[in-house]
Amino acid sequence: MTLQDAKPGMALRVDHIEDSGLKERLMTMGLLPGTHIKVLRSAPLGDPIAIGLRSYSLAIRRRDAAVIQVTAV
Amino acid sequence: MSKSLSVALTGNPNTGKSTIFNELTGARQKIGNWPGVTVDKKVGYVHHNDKDIMIVDLPGTYSVNTRSPEEKIVIDYLMENHTDLVVDVVDSSNIERNLYLTLQLLEKGIPLILDLNMQDEAEKRGIKIDVKKLESFLGYPVLLTIARDGKSLKNMLNVFTSISMTGYGPSDQLKAHIARVQEIEAEVTDEKLRQEQLIELRYSFIDEIMKSAVKFSNVGTTVSEKIDRVLANGILAIPAFLAIMYAVFQITFEWIGQPVADALEEFISGTLTETAAEALVSLDVADWMQSLILDGIIGGVGAVIVFVPLIFILFFCLSFLDGTGYMARVAFIMDPVMRRVGLTGKGVMPLMMGFGCGVPSIMGARALDTEKDRMLSIMAAPFLTCGAKLPIMALFAAMFFPDNAANVVFAMYVVGVAMAIASTKILSHTTFKDENSTFLLELPPYRMPDMKTVLLETWDKGKGYLMKAGTIIFLGCVIIWFLGAFNSQGMVEDMGESFLASIGAAVGALFTLQGFGSWEAGAAVISGILAKESVVSTIGILYGLPDVSADAENAVETAQAMLGTGMGSAFTPLSAISFMIFSQLYTPCVTALGTIRKETGSMKWMLFAAGYMFVLAWVVSLVVYQLGGLLGFE
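Respectively, the protein sequence lines represent chains A and B.
If you use our numbering, the first sequence corresponds to residues 886 to 958, in order.
If you use our numbering, the second sequence corresponds to residues 901 to 1534, in order.
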C-alpha cells in the first residue's frame, strides 16, 4: 500500500519512494526506506494527514503521500 | 577599544533560533533584505565581556541544497563570509532530523558550535543527549541552552567571547563520513541519484550518532499530542478554530483595539487639533497654511493613525498564535478548505493578516512553497476588508441601512472573501494552471511563545503601516487638500470649483452606470488609490463636514450628521451598496501596489493587479446596481 491510503493510528515502515519532484524533499525531511512512521491523525475532511517520524510531526497531503510505499509493522 | 566578533546563527525552522537572536540582541537589530531576493536579513548587536558582537540570524532551513533562495543565502553566506563563529541551533527534542543540516554544513568544512536548544522540552519528552559523546563523535563543541532562560543565554555569550575554534576539527568518524561523501560525489554522475545516495548516507551517519549519544525513555503521550487531539483532530477542530479567530477579532475590534483607537481619535480630533489651531492663530499663520495643517495634515494623517492600535493588536494576536505553534495546525486543518479554493492551508496566516492590512498580508505569502501558491495568495489578499476599508462600509451602512448596519457590513466582508475565492479560481485555471501545489509542513510542539519575539514580529509587520501614515498618506493629504482648495485662478471658496471637482467629475463619469457618477464620489475613488483611509475623509470634506470620523464605532453619529448634507441625497441605498462593493474590490492602495511589485519582482504583475481589480470592481458594482434596479430596488 502507499501512505495515501493510511488510516490514523497505523504504524508503518517506508519501503520505497517513487520518483517524483517531491522525492528529494521527502527524503531530506527524514522519510527514507526503512524509516518507521506513525499516522497520527487526519484533518477534519480526511486530508491532509499528520505523521510522526524521527520524533517530530509532519503534515502531508494524501496526494503527495501517494509516492510513499509502506507496509504495516 | 573593545574588540569585535561576528557570529552567524543557522538551523532548522522551529528550533528557537529567532528567540535566541531576539533575546540576545533585543531592539538592537536591523531587518533588511538579502540582495535580490525577498528574504529578511536580520542583523543584531550585543556588547559582552568587552567585545562588540555582531549576530546574523540566517533564515531557518532544513538543508542547504540551494533549492530555495533561503537555502542559497545560508550556504553562500557561510561559505563566503568568514564570520568568527557559526552556531547551529538544534531543537534537542527533534535532534535526529535537525542533525541533517548540521552534517551538511560540516561536510562543507564549516566549523560549528552545536547549540542544543530547548533542553527543557527534550527532558520532558524523555530525550537524553550525552553531550561529551556527541562532541567526540563530531569533533566540534556542543552547547546546551534553553532559549528563554537568561542564565543559559549569558553562558552562551561567555562561550562566544572565550572559545577558540582552532582547537576543534572533524573527528575520525566524521572524516570517514566526509570521505564517503566525496566518493559518491565523484562516482555518481546522475544528479538525482547522487543526491538520494547522499541523503541516505547522512541519515545512516545520524543513526550512528543517535545510537551512541541519545537515549529515549518512554514518557507516554506528550502534551502537544494531547492538545492536538482537541485542536487538530476530527470535526471539533473547525469550531475550535472559528472560536479562536472570533476571540482574536473581538480582542482587536471590541475589547482592546477599538477602545484604544477611540481614545486616540478623541485626542487627535479634540485636544491636538484645538491646541494646533490656537498655536497657529497666535503665531499669525496665513489662512491657507492653517487650513493645510488642520484639515489636510492633522485630519488626514490623524485618520490613519487611529487605525494603528487595531492593526498592531491584530498582528500581535496572530504573531502570538504563530509562536505557540497553533498557526501550523490552522494550516493543517484548513488545507482541505483552502485547497478547494485553489490556495493552500499555509495561506491562512498571511490572508488573516489581510483583515488588518494588505501589506504584511502580501509579504506573508513569502512563506508559501510554490510560485503558484505565492502569486495566488498575493492576488487574493487585496480583496479582503482591511482596517482602512472598514470605515467606508461602516459609514455607508449606518447612513443608508440604519436598521441593518451590522449585517450590511458583514455582507461586505463576505463579498470580499467571495471575490478573493472567485478570483483565485479564475487565476488558478488560467494563468497558473500548469503548476502543481504541494503541502509539506512540520507541526512543531506547542510552546509558550517568547514575548520579545512576538513583540518584535508585531512591530515588524505593523511598522509598514505606521511608515505609510508618515509618508504616502502625508503626501496624499497635502495633494488632496491642494486640489480641493485651488483651481487655475488661485484659492477657491467653494470646493465645487476646485481642481478636485474637475478631476472628480471626469472620474465620476466612469461610474454613471453604477449609480455614483458624482464628482465627489469620483474624487473619493481617486483618493482611495492613495490610501483607502482617505475615501471616508475625502467624502466628509467634500460634503462639507470636515471632521468626519474615520472610526467605525462612531459611524452612527457621523451617519446622522452626514444625512443632513448633500450626501444623503447623492446616494440611494442601492447606489450606496454599489459604491461599497466597488470600494471593497477596486485597485489596492499605492502602498499595497508597491508591495506587490517588490514581492513579485515584477512591474507587470503590479500593473496587472491594479487594472484587473479595477475592472473586476467596475463590473461587479455595475451588475449589482443594474440588476438591483431591474428587481425594483432603489
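The beta-carbon is built from N, C-alpha and C at its ideal position, and this holds for glycine as well.
List, in chain order, every chain B residue whose beta-carbon is nearer than 8 Å to that of residue i.
{"i": "R959/A", "result": "The first residue shown for chain A is 886 and the last is 958, placing residue 959/A beyond what the model contains."}
{"i": "L917/A", "result": "I1099, E1100, Y1103"}
{"i": "D949/A", "result": "T1338, F1339, L1340"}
Identify the residues that DSSP records as bridge partners of residue i: which are they?
{"i": "F1321/B", "result": "Reading the sequence as shown, one finds Ile at residue 1321/B and not Phe. Beta-bridge pairing links I1321/B to no other residue."}
{"i": "I953/B", "result": "L905/B, V946/B"}
{"i": "F1386/B", "result": "M1391/B"}
{"i": "F1116/B", "result": "I1027/B"}
{"i": "E1083/B", "result": "According to DSSP, which records beta bridges pairwise, E1083/B is partnered with nothing at all."}
{"i": "N895/B", "result": "A question about residue 895/B goes unanswered here, because the residues of chain B that appear run from 901 up to 1534."}
{"i": "I1372/B", "result": "BP columns for I1372/B are empty, so no partner."}
{"i": "G1134/B", "result": "Its beta-bridge partners do not exist; DSSP assigns none."}
{"i": "A891/A", "result": "Note: A891/A sits in no beta bridge, so no partner."}
{"i": "G937/A", "result": "K923/A, S942/A"}
{"i": "V956/A", "result": "Before going further, note that residue 956/A is Thr rather than Val in the sequence given. Answer by DSSP bridge pairing, in chain order: R898/A."}
{"i": "Q929/B", "result": "G944/B"}
{"i": "L1044/B", "result": "L1016/B"}
{"i": "I1342/B", "result": "Checking the displayed sequence, the identity of residue 1342/B turns out to be Glu instead of Ile. Partner(s): L943/A."}
{"i": "T1465/B", "result": "BP columns for T1465/B are empty, so no partner."}
{"i": "G911/B", "result": "V989/B"}
So with CB distances below 8 Å, who are the chain A contacts of residue i?
{"i": "T1089/B", "result": "What T1089/B touches in chain A: nothing, since even the nearest Cβ is about 17 Å away."}
{"i": "E1096/B", "result": "K908, E909, M912"}
{"i": "Y1000/B", "result": "T913, G915"}
{"i": "A1132/B", "result": "R926, A928, A935"}
Just to make sure I have the definition right: I need the residues of chain A whose C-beta is within less than 9 Å of the C-beta of residue i. Which are they?
{"i": "L1343/B", "result": "L925, A935, Y941, S942, L943, A944"}
{"i": "D1128/B", "result": "L925, R926, A935, S942"}
{"i": "A1476/B", "result": "Within 9 Å Cβ-Cβ: nothing; A1476/B doesn't reach chain A, min ~39 Å."}
So with CB distances below 7 Å, who are the chain B contacts of residue i?
{"i": "D890/A", "result": "The contacting residues do not exist; D890/A stays about 17 Å from chain B at best."}
Please list the partners that residue i has in chain A, where partner means a Cβ-to-Cβ separation under 7 Å.
{"i": "R1135/B", "result": "The sequence given here places Ile at residue 1135/B; Arg does not occur at that position. Those are P929, listed as they occur along chain A."}
{"i": "I1138/B", "result": "P929"}
{"i": "A1047/B", "result": "By Cβ distance, chain A contributes nothing, its closest Cβ being about 18 Å from A1047/B, past 7 Å."}
What is the C-beta distance between residue i and residue j, in whole angstroms, given that I count them as a contact (C-beta under 8 Å)?
{"i": "A1297/B", "j": "V1309/B", "result": "5 Å"}
{"i": "G1364/B", "j": "P1260/B", "result": "7 Å"}
{"i": "R1048/B", "j": "L1131/B", "result": "Their Cβ separation, rounded to whole angstroms, is 23 Å, which puts R1048/B and L1131/B out of contact at 8 Å."}
{"i": "F1207/B", "j": "A1288/B", "result": "6 Å"}
{"i": "L1016/B", "j": "G1039/B", "result": "Going by Cβ atoms, the distance from L1016/B to G1039/B rounds to 16 Å, so no, they are not a contact pair."}
{"i": "I1106/B", "j": "E1007/B", "result": "Their Cβ separation, rounded to whole angstroms, is 13 Å, which puts I1106/B and E1007/B out of contact at 8 Å."}
{"i": "S1475/B", "j": "F1416/B", "result": "5 Å"}
{"i": "I1262/B", "j": "A1492/B", "result": "6 Å"}
Could you tell me whether any non-hydrogen atom of the ligand COA is closer than 6 Å to the CB of residue i?
{"i": "K1498/B", "result": "In the structure shown, the ligand COA is absent, as is every other ligand, since no ligand is present at all."}
Tell me, please, whether the CB atom of residue i is closer than 7 Å to any CB atom in chain D?
{"i": "S1502/B", "result": "Absent here is chain D; the protein component of the structure consists of chains A and B."}
Q: Could you list the residues in the segment 922-935 of chain A with a C-beta less than 7 Å from some C-beta on chain B, going in chain order?
A: The residues in question are R926, A928, P929, L930, D932, P933, A935.
Q. Can you list, in chain order, the stretches of the beta strand (DSSP E) that have 3 or more residues and sit fully within the segment 897-930 of chain A?
A. 921-927
**Q.** Against chain A: residues of the segment 958-979 of chain B by CB proximity under 9 Å
**A.** Y962, S963, N965, R967
Q: Would you list, in chain order, the members of the segment 1301-1335 of chain B that have their beta-carbon closer than 8 Å to a beta-carbon of chain A?
A: none
Q: Using a Cβ-Cβ cut-off of less than 7 Å, give me the residues of the segment 1221-1245 of chain B that come near chain A, in sequence order.
A: F1232, I1233, D1235, P1236
**Q.** Residue ranges of each alpha helix (DSSP H) within the segment 1470-1499 of chain B, 4 or longer
**A.** 1473-1485
Q.
Against chain A, which members of the segment 1139-1154 of chain B pass a CB distance test of less than 8 Å?
A. Taking 8 Å as the Cβ-Cβ cut-off against chain A, none of the residues of the segment 1139-1154 of chain B qualify.
Q.
Suppose only complete runs of 4+ residues qualify. What are the alpha helix (DSSP H) ranges in the segment 1405-1457 of chain B, listed by chain order?
A. 1419-1430, 1433-1442
Q) Unbroken alpha helix (DSSP H) runs of length 4 or more, entirely within the segment 1054-1104 of chain B: which are they? A) 1072-1087
Q | 4 or more residues per run - each alpha helix (DSSP H) lying fully within the segment 1152-1206 of chain B | A | 1157-1166, 1173-1182, 1187-1191, 1199-1205
Q.
Going residue by residue through the segment 1234-1275 of chain B, where are the continuous alpha helix (DSSP H) segments of at least 4 residues, counting only ones entirely within it?
A. Correct list: 1248-1253, 1258-1264.
**Q.** Contained beta strand (DSSP E) runs [length at least 3] in the segment 962-1010 of chain B, N- to C-terminal order
**A.** 985-991
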